[in-house]
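Read in my numbering, the sequence shown has 49 at position 56, and its numbers run on one by one without any break.
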Amino acid sequence: MSELNKQGFSTKAVHAGVVPDPTTGAIMTPIYATSTYVQASPGKHKGFEYSRTGNPTRRALEQSLAALESGKFGFALSSGCTGVDLCMHLLQQGDH
C-alpha cells in the first residue's frame, strides 16, 4: 500500500483496496452476499466468520478509504449508530 500512497487522488480512488482474484483473474472486488463463512472448528476461520463483523467487500472499502485519506486504517461500520457508539467509546470523561 505504500507505493499507492505516492499516487494522486484519482489513482488511489480507482486502485486502492482492489486486488486481482488469483482464481478468476477478476479485477473488481465482488459483493459477497453471504452471512456466514465456513470454519474448521468454532473460532478457527480463514479471516472471516460473520458478515456483520467483516467481509472481503467491506475490507476492500476500508482499504480504499484509508488510502484516500493517507491513513493506515479505515473503518466501515454497519450503521450510523454504530459509528456514534464507537466514537463515544473512544472518548474519556473530560475529552473535547
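The C-beta atom is built at its ideal place from N, Cα and C for all residues, glycine as well.
Counting along the chain, the unbroken alpha helix (DSSP H) around Q56 starts and ends at 49 to 61. When rounded, the separation of the alpha-carbon atoms in L83 and L58 is 20 angstroms. Secondary structure of H38 (DSSP, three-state): strand. The beta carbon of A9 is closer than 7 angstroms to those of L(-3), Q56, S57, A60, L61 in its chain, skipping five residues each way along the sequence. With respect to S44, S34 sits apart: the two C-beta atoms are not nearer than 8 angstroms. Rounded to whole angstroms, the Cβ separation of A53 and T22 is 4 angstroms, and the two are in contact under 8 angstroms.
Residue pairing by DSSP puts T29 in a beta bridge opposite Y43.
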